[in-house]
Every structure is written in C-alpha cells, then in structure tokens.
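Student:
Residue numbers (the working numbering): 560 to 607.
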C-alpha cells in the first residue's frame, strides 16, 4: 500500500469518525430537547 493510499484511508477514517460524532451529538441534543419540551408542555400536566 503506497503512502498515497494510506493518506486516503486515514482521511476517510477521520471523516467517518467526525460525522459519526456529529450524529451522536445531534441525537443527544434531540433527546435533551424532547425532554425539555415534555417538561414544558402544559397538556402533560392535565393528563396526570
């Protein structure tokens, strides 16, 4: 494997890690927002 292909493989790996990390963080923020909206929703209090 030449140096060029090592760099290509490493670049793809770093890009995959970066996008994977962004996806995980977005899911985490989405879950936090869902909890906040559920806590602030006045309709939830009436059901209890």
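Cβ atoms here follow ideal geometry from the backbone N, Cα and C, with glycine treated the same way. Source: prediction; values computed, not measured.
1) I need the boundaries of the alpha helix (DSSP H) containing residue 595, first residue and last residue.
2) Rounded to whole angstroms, what is the Cα-Cα separation between residue 566 and residue 577?
3) In angstroms, rounded to a whole number, what distance separates the CA positions of residue 595 and residue 583?
4) Look at the alpha carbon of residue 588 and the alpha carbon of residue 579, and state the distance between them as a whole number of angstroms.
Tutor: From the atom records:
1) Per DSSP, residue 595 belongs to the alpha helix (DSSP H) from 562–599.
2) Residue 566 and residue 577: Cα-Cα distance of roughly 16 angstroms.
3) Going from the Cα of residue 595 to the Cα of residue 583 covers about 19 angstroms.
4) Going by the C-alpha atoms only, they are around 14 angstroms apart.
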